[in-house]
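So the sequence lines, in the order shown, correspond to chains P and L.
Read in order, the letters of the first sequence are residues 11 to 649 in my numbering.
Read in order, the letters of the second sequence are residues 4 to 258 in my numbering.
Even for Gly, the Cβ is constructed at its ideal location relative to N, Cα and C.
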Amino acid sequence: MRWIHAMSAVALLGAVTAAARPADASPTREQYRLFRALSIDLQGRIPLPDEIAAFERPGFDLDAWIDQHLQGAAYAERLRRVYLDALRLEVGSMFNFVSNPLVLRRVRVIDPDGNPSYVYFRRAQRRDRVESDLDFCLSPEETGITVAANGTLTGTAHAIDRAAWNQRTVEVRPWWLYRDYRSASPSQRIGAGDGSAMTLSPVAGLLMDADNTTPTTTVRVCREEALTADRGAVYLSGRLTALPRTSPYPGGRVTAPPTDSAYARAHAGQMVSCTSGTGVSLSDDCGCGVGLERCMPGNSLGNDPAAFNLPDNVPLGADQPLDSRAQTQGDWSRFWWAQEAVHFLDDLFVRDRDVRGLLTDRGTMVNGATAQFYRGFAGSTCCGNGTQFDYAEPAALFDPARVPTDLTPHDLATWRRVDDRGPQAAGLLTTPIFLAKYGTRRARAHIVYNAFLCRQFVAENLALTPSTEPNLMVRPGCAACHAALEPLSAYFTRVTESGWTFLPAAAFPALNPACATRGGNSPNGGCTSFYDPAFGSSTQGMLRGAYGSLAHADEGPPGLARAIVDAPEFASCVVKNVSESFLGRSLTAEDQPLQESLVTSLRSGGFRMRSMVRTLLRADAYRAANNLASATWREGATP
Amino acid sequence: MKTTLQRASIAALVFTLGCNSTPAPATNPPVTTPPVDAGAVVTRPPEVTPTPVTEIPGHEVLAQDRAPKEPPRLMPAETLIRSYISLFGGLSPQALQVRLRGATSDNLFDTWGDYLSALGVPDYAVDIPRAPQTNALMLAAFERIGVALCERAVLNDLRGAVATNDRVLFRFELPAGGRALTDEEFGARFDVLHRRILGYPAALAPESRIPRFRALYQGAVTRHADAGARSFNGPEAGWASVCEGLVRHPEFHLY
């Protein structure tokens, strides 16, 4: 009986392949079905009545229709889904992005007139008063309340002395309230958002004063936070040792005043960038910039306070949200990181750029929110213990100087291409969403291996035995996968895990004599943050993750991108991912000719997707729509 | 389901092959089970080694259907939502949600967010992948959204004073005075919905489709003949039922 199926299938395929129908013939059911399928794949919806009417007219040119619809946003979205399904480039609140140099929390105090008032401050702020250094700018003695590190308030607020009030705080018209916040006298106060992610929409709490009745026109902020300089001098307090716990701290503060770090003592008075976390923690000249644009607002003292209304669900795009609600300042960044990837992919597919650019493109797309992030936020996570290596100025994956200066945080619907982020940029691999989603070097390498080479690491059938071997490339039971994985993950040696801080070779040589193990003991804490004692020696330390390949460590993500796109499997993997998505099934051995023809099309088209997708949509495999279930009797056949 | 003819053919083939094989010995040797040992290689006895079909006499040149045997594709959830929206006139998702929820507390529709997971929308943030095929919850969500869509469309198009060309779904007139539709009148109106929802003329559908939907329509009309003002009247209920039948039809969700 099988040959009846076979012959019918051949007949069906022949019928479907003949897409162009005679001018006087009405479409067949299969032709209607094909047109509907093409509409679903290229327009993102079922066809509208007028589109069906056009299709039914004599002389309708389906191939021309396909070519026309291989241009639009819906086509780009269709291809974007292929890669987002593979890479899943969104992160939830499990990726906790609460950077104290960024977050402006607020305290409800009593102003000199006896009225409630909010004062915004950030926890990482250096101040030249011992009573408030790295703390709220008004001391407990001045306010009557104590602000604990966990955000709880204790005490009874009393009216603040007017002199202290005027000296320690100032009024600012901030970026989240004024579109023209960069002007000398901002006046363009924003209106209520429309519920989409396309307009800046602060949460209700940010729009009302502390009396809950007066619309907020200015915010009161600690004086240091309102400073606008780009660079500040390293501040030296003169405190060398921590005060004992038993001592009452100055001003009634509940935490010990900070002491001067070794770096501060060595670099006192030197200028540091106010966009780095290190700069904020070292200089009392560093504030939040003009209109507080280097900081995120929060409506409470909480760890991750609410800031803006944002959608939870945008399966149809950020411009067509399904909902909207108050979300935290961390959600703001996470949302726009994900949107950067969306627009990066859309731009690549709409403009039919070389698909290898997914990994190799040094450009990206930015809007107002991501421009603000790259200009003022990204450096806030740098540089921690890097100061031990004189690393206080971030060498960014996206050079802030290349971010368009005219994009403000209000330009949320404007996406603009930046052609070159800098020498370390590599397609999606150096976007914040990728680096946050795949926090470890191995996770990053694995997803690239999987999504762009269509290969998996499969463990060998071997019983694991106890081992102290730190080198997973040789440890029994691990080596089968890690012999390939470790050299790949080494490409991410110079990008911190769960972050985007780049570790330049000048400050962090892969082999560093300063971090040698000493008498069998680990080197100091600063070294172990970056250098792996397990692979160090008595003469030098080795940068964490570099042991898989020192060469790869220095090549960085661009090196991985080159290695992947040069691999013979890359083109066939692109074809596999796209065709399986369009066909709705896995490719089988029987699809080998189709796959080969698509690879040829992709290569001959300069790795541009449009010609390959065109070939796929005209292939019998797509046009037959898998409607070949073994139990289905073909049309015209008699069981 | 194999037919009698198929079973007979298979039996004949087995019989024929049996005639060509070497006769079995009169007494079978005792069956011994090899010890199960880690690492032991168990080889198949030679008599059951697969034979390529082309080596079977008479099969050398027969055509084989080697095309993949898969069911039709499931429409991506994003496309499904966008299609629902287009069926209801292209409103924004949030505006459509307001319309689907309606002014009454009939709980016909909740929020889009309540259905996304059931519809198979991936949640990348928590690594929930796209649902590649239907499941019971998904079908229930199709049903729920389809009912909401069709009933609100009836209220908008058939009960409201909306010009035919401005209607979102039911772009046809009903006979004045509630007169019953003839088969021909039903067919013409059904074709409007069939084209809109399934994308092709009803005349090209399997022969049973129009009669079955006609029966569905008529049953709803009959059951709602004495409906009060708060419920759909007969034709309204009939067209709502037809719409619901089409919008949850496998041909709508698969392609």
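| Item | Value |
| --- | --- |
| Proximity test, Cβ basis, 8 Å: N106/P and chain L | no |
| Host alpha helix (DSSP H) of I84/L (start-end) | A80 to L90 |
| is_contact[S86/L, chain P] using C-beta, thresh 8 Å | yes |
| Buried versus exposed, by CB contacts within 10 Å (16 or more), P480/P | exposed |
| Interface residues of the region 295-323 of chain P facing chain L [CB-CB below 9 Å] | D322 and N323 |
| Within-8 Å CB hit, D333/P to chain A | Of the chains in the structure shown, none is chain A; the protein chains are P and L. |
| Counted within 10 angstroms of its Cβ, other Cβ atoms place T167/L as buried (16 or more) or exposed | exposed |
| DSSP-derived helix/strand/coil call for P225/P | strand |
| Cβ of G92/L within 8 Å of any chain P Cβ | no |
| The alpha helix (DSSP H) enclosing A64/P, as first and last residue numbers | P59 to E66 |
| Beta-ladder partner(s) of T156/P, from DSSP | T164/P |
| Residue closest to G308/P, alpha-carbon to alpha-carbon, out of M218/P, R46/P, Q41/P and T478/P | M218/P |
| Nearest-angstrom Cα separation, counted from D357/P out to I457/P | 22 Å |
| Counted within 10 angstroms of its Cβ, other Cβ atoms place E350/P as buried (16 or more) or exposed | buried |
| Q330/P versus D95/P: straight-line alpha-carbon distance, rounded | 20 Å |
| Interfacial residues, the region 107-128 of chain L to chain P, with Cβ spacing under 7 Å | T114, W115, G116, L119, V124, P125, Y127 and A128 |
| Distance, G54/P Cα to R98/P Cα | 20 Å |
| Alpha carbon of R199/L to alpha carbon of D71/P, nearest angstrom | 21 Å |
| Cβ neighbours of E176/L in the same chain (closer than 8 Å, five flanking residues each side left out) | T167 |
| Same chain only: Cβ atoms within 7 Å of Q136/L, ignoring 5 sequence neighbours per side | L77 |
| A174/P to R91/P span [Cα, whole Å] | 56 Å |
| Minimum C-alpha distance to L355/P - residue among G386/P, T441/P and D630/P | T441/P |
| Partners in chain L for D95/P, counting only beta-carbon separations shorter than 9 Å | P125, Y127, P132 and R133 |
| Burial state of L472/P (16 or more Cβ within 10 Å) | exposed |
| Same chain only: Cβ atoms within 8 Å of M141/L, ignoring 5 sequence neighbours per side | A121, L122, G123 and A134 |
| Contact under 8 Å by Cβ, L369/P with L438/P | yes |
| Alpha carbon of Y459/P to alpha carbon of R361/P, nearest angstrom | 26 Å |
| H492/P, buried or exposed, once every other Cβ within 10 Å from all chains shown has been counted against 16 | buried |
| C-alpha gap between G242/P and Y273/P, whole angstroms | 15 Å |
| Beta-carbon proximity of T503/P to P523/P, cut-off 8 Å | no |
| Alpha-carbon spacing of S24/L relative to I59/L, whole angstroms | Below a pLDDT of 50, predicted positions are generally treated as unreliable, and S24/L, at 40, falls in that range; no measurement from the model is reported. |
| Interface partners of A80/L on chain P, CB under 9 Å | P325 |
| Residues near L207/L in its chain [Cβ-Cβ closer than 7 Å; skip 5 each side] | none |
| Stretch-stretch touch, CB-based, cutoff 8 Å, three pairs: the region 152-159 of chain L with the region 88-101 of chain L | yes |
| For Y130/P: DSSP bridge partner residues | R116/P and V231/P |
| Cβ-Cβ distance between L513/P and A455/P below 8 Å | no |
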